[in-house]
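Protein chains in written order, with this note's numbering: chain Z, 6 to 228; chain P, 6 to 228.
Structure record follows, encoded as structure tokens.
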DNA sequence: TGATGTTCTAATGTTGACATTGAGACATCG
DNA sequence: CGATGTCTCAATGTCAACATTAGAACATCA
């Protein structure tokens with residue numbers, strides 16, 4: 006159905022622990038600034054501290070948590086500078102990803118982008134579940150990075166992806182009208198230009214897409 | 006002398022193990038494709054397997070080694086695609102780093118760039134130790150990323166820095182004339198434009214600087 | 001009283017032992 | 001003889017006990 010047996014890679018407990026903790030952070034169970042104690046998590050997840058430790062190291066690579074020598078691990082908090090840094094870097098990465106994908110994307114991959122835009126539109130027209138809308142937004146960009154086919158670029162994207170997810174969800178708590186009003190159109194335009202746009206126009210749009218998101222987010226933040 | 010006690014952070018054994026293994030890889034002790042066995046390293050470094058394991062995970066973040074479920078860790082190979090990926094991403098990162106540093110760099114940081122260029126020139130005129138020349142090249146770009154002051158951007162740079170180091174050293178074994186002929190001038194021009202260039206010219210030069218390196222490296226590689 | 005030194009403790013850092021697995025050697029069958 | 005199944009073992013994955021440390025509570029002294 007979904008895909009022709011790409012692989013069914015058995016992963017370790019560390020990966021699963023990382024997935025669980027990441028989900029808990031994104032769901033709000035661990036708010037920004039919360040301390041993540043290894044013993045506590047190990048007991049709750051029913052794995053050893055070593056595995057939890059390895060999983061937390063993974064989340065640190067993703068920038069979702071911060072840790073220090075003998076000082077434990079805590080969820081990052083969302084300062085204006087953090088937002089500035091992540092969105093600035095993301096603009097540069099997206100610029101490269103979109104211009105690359107413009108050359109390398111297969112028809113199937115482009116169709117998948119259209120499908121995701123359609124899903125967004127349906128979500129807006131329907132229940133408008135903000136969490137799902139944000140997930141679709143990120144999935145859209147995941148697909149672009151996949152289509153670009155540059156492993157290192159995808160790794161760099163993964164290193165800010167979770168932070169981005171956290172930022173967008175955080176904003177969801179405080180009014181999301183502007184986002185909802187533009188998210189479908191902006192992504193539809195991106196998908197269209199990936200098919201038929203010239204490189205420079207696409208590069209500019211990709212940067213503006215991110216810049217608009219950054220300004221919109223910062224406007225509601227300076228707390 | 007050096008700096009006014011910024012900090013003397015005690016690090017863990019894992020970090021030291023990572024440093025040692027990284028140095029061993031870059032020195033050629035572990036050639037591309039070599040297997041890094043945890044027990045072996047643990048015995049040789051006189052630390053536990055756990056610490057070695059954590060250190061190897063760190064090197065994996067840097068892209069210097071690859072690992073899989075129950076399949077051990079090996080030094081990455083240097084294929085044409087690897088070079089293509091790393092240099093393409095680096096061009097995008099450097100573009101952002103230089104244009105940002107143009108706004109944020111302090112006079113002291115700019116002076117340090119000049120100093121590094123002078124060191125390169127001295128090295129060329131003198132013994133022309135290739136390893137040291139490559140180290141200066143990378144230190145130059147380290148300084149630019151530091152001056153840009155974007156933590157996430159610096160993290161993304163670190164994720165390809167060691168690979169880049171490995172690539173450049175690998176090429177050093179097979180003729181380095183073109184590199185030696187241009188490295189000083191190119192970096193001097195970059196330093197100059199960081200002081201007085203306009204944004205667009207600087208962005209273009211930063212990309213060309215990397216693109217030139219990539220082509221030069223790929224030319225001598227397809228083995 | 002405020003600054004400095006000390007003690008205590010909860011949490012992380014580190015380790016060696018045990019469990020599991022992947023890949024090749026070997027045997028078996030068509 | 002080639003393909004397939006089984007076995008073996010070295011290497012990794014996991015775990016629980018022990019060692020170390022950062023920070024806070026407390027005591028001490030000018």
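Cβ coordinates follow ideal geometry from the N, Cα and C atoms, glycine included.
Neighbourhood of residue i by C-beta, 8 Å cutoff - its chain only, sequence neighbours within 5 removed
i: residue 220 of chain Z; result: none
i: residue 194 of chain P; result: 210
i: residue 100 of chain P; result: 208, 211 and 212
i: residue 136 of chain P; result: 174 and 177
i: residue 36 of chain Z; result: 80
i: residue 29 of chain Z; result: 35
Exposed unless 16 or more other CB atoms sit within 10 angstroms - verdict on residue i
i: residue 210 of chain P; result: buried
i: residue 196 of chain P; result: buried
i: residue 63 of chain Z; result: buried
i: residue 191 of chain P; result: buried
i: residue 168 of chain Z; result: buried
i: residue 16 of chain Z; result: exposed
i: residue 205 of chain Z; result: exposed
i: residue 34 of chain Z; result: exposed
i: residue 106 of chain Z; result: buried
i: residue 27 of chain P; result: buried
For residue j and residue i, the rounded distance between their alpha carbons
i: residue 80 of chain Z; j: residue 157 of chain Z; result: 25 Å
i: residue 267 of chain P; j: residue 109 of chain Z; result: Here chain P covers residues 6 to 228 and nothing more, so residue 267 of chain P does not appear.
i: residue 40 of chain Z; j: residue 78 of chain Z; result: 6 Å
i: residue 103 of chain P; j: residue 50 of chain Z; result: 45 Å
i: residue 147 of chain P; j: residue 132 of chain Z; result: 48 Å
i: residue 111 of chain Z; j: residue 48 of chain Z; result: 46 Å
i: residue 38 of chain Z; j: residue 200 of chain P; result: 39 Å
i: residue 55 of chain Z; j: residue 44 of chain P; result: 17 Å
i: residue 114 of chain P; j: residue 152 of chain P; result: 7 Å
i: residue 216 of chain P; j: residue 74 of chain Z; result: 39 Å
i: residue 172 of chain Z; j: residue 83 of chain Z; result: 7 Å
i: residue 31 of chain Z; j: residue 87 of chain Z; result: 17 Å
i: residue 91 of chain P; j: residue 170 of chain P; result: 11 Å
i: residue 128 of chain P; j: residue 144 of chain P; result: 14 Å
i: residue 18 of chain Z; j: residue 138 of chain P; result: 43 Å
i: residue 70 of chain P; j: residue 224 of chain P; result: 24 Å
i: residue 66 of chain Z; j: residue 161 of chain P; result: 10 Å
i: residue 186 of chain Z; j: residue 119 of chain Z; result: 18 Å
i: residue 130 of chain P; j: residue 189 of chain P; result: 11 Å
i: residue 134 of chain P; j: residue 198 of chain P; result: 27 Å
i: residue 165 of chain Z; j: residue 72 of chain Z; result: 17 Å
i: residue 68 of chain Z; j: residue 98 of chain P; result: 18 Å
i: residue 218 of chain Z; j: residue 126 of chain P; result: 45 Å
i: residue 8 of chain Z; j: residue 121 of chain Z; result: Residue placement at residue 8 of chain Z is poorly supported in this model, since its pLDDT is 38, which falls under 50; the coordinates still yield a value, given next. Going from the Cα of residue 8 of chain Z to the Cα of residue 121 of chain Z covers about 17 Å.
i: residue 93 of chain P; j: residue 184 of chain P; result: 19 Å
i: residue 202 of chain P; j: residue 222 of chain P; result: 28 Å
i: residue 76 of chain Z; j: residue 182 of chain P; result: 49 Å
Limits of the unbroken beta strand (DSSP E) element including residue i
i: residue 71 of chain Z; result: 70-72
i: residue 215 of chain P; result: Where residue 215 of chain P is concerned, there is no enclosing beta strand (DSSP E), although the alpha helix (DSSP H) it sits in stretches over 204-224.
i: residue 78 of chain Z; result: 78-80
Chain-order list of residues whose beta-carbon lies under 6 Å from that of residue i (same chain, five-residue window excluded)
i: residue 124 of chain P; result: 141
i: residue 6 of chain Z; result: Since pLDDT at residue 6 of chain Z reaches only 41, below the 50 mark, its modelled position is unreliable, and the value read off the structure follows with that caveat. So no residue of the chain qualifies.
i: residue 57 of chain P; result: 22, 43, 46 and 47
i: residue 89 of chain Z; result: none
i: residue 159 of chain Z; result: 150
First and last residue of the uninterrupted alpha helix (DSSP H) at residue i
i: residue 172 of chain Z; result: 156-177
i: residue 32 of chain P; result: Per DSSP, residue 32 of chain P belongs to no alpha helix (DSSP H) and is neither H nor E.
i: residue 38 of chain Z; result: Where residue 38 of chain Z is concerned, there is no enclosing alpha helix (DSSP H), given that its DSSP letter is neither H nor E.
i: residue 139 of chain Z; result: 135-153
i: residue 87 of chain P; result: 85-109
i: residue 67 of chain P; result: Run containing residue 67 of chain P: none; DSSP gives neither H nor E here.
i: residue 51 of chain P; result: That residue, residue 51 of chain P, is in no alpha helix (DSSP H); it is neither H nor E in DSSP.
i: residue 75 of chain P; result: Segment: none, residue 75 of chain P is in no alpha helix (DSSP H) and carries neither H nor E.
i: residue 200 of chain Z; result: 182-201
Contacting residues, own chain, Cβ-Cβ under 7 Å from residue i (five flanking each side not counted)
i: residue 11 of chain P; result: With a pLDDT of 49 at residue 11 of chain P, under the threshold of 50, the modelled position of this residue cannot be trusted; read the value that follows with caution. Excluding sequence neighbours, residue 11 of chain P sits near nothing in its chain.
i: residue 117 of chain Z; result: 148
i: residue 96 of chain P; result: 212, 215 and 216
i: residue 155 of chain P; result: 105
i: residue 52 of chain Z; result: 18 and 22
i: residue 163 of chain Z; result: 67
Count the C-beta pairs between the stretch 54-70 of chain P and the stretch 17-32 of chain P that are closer than 8 Å, then say yes if the count reaches three, no if not. The stretch 54-70 of chain P is in contact with the stretch 17-32 of chain P.
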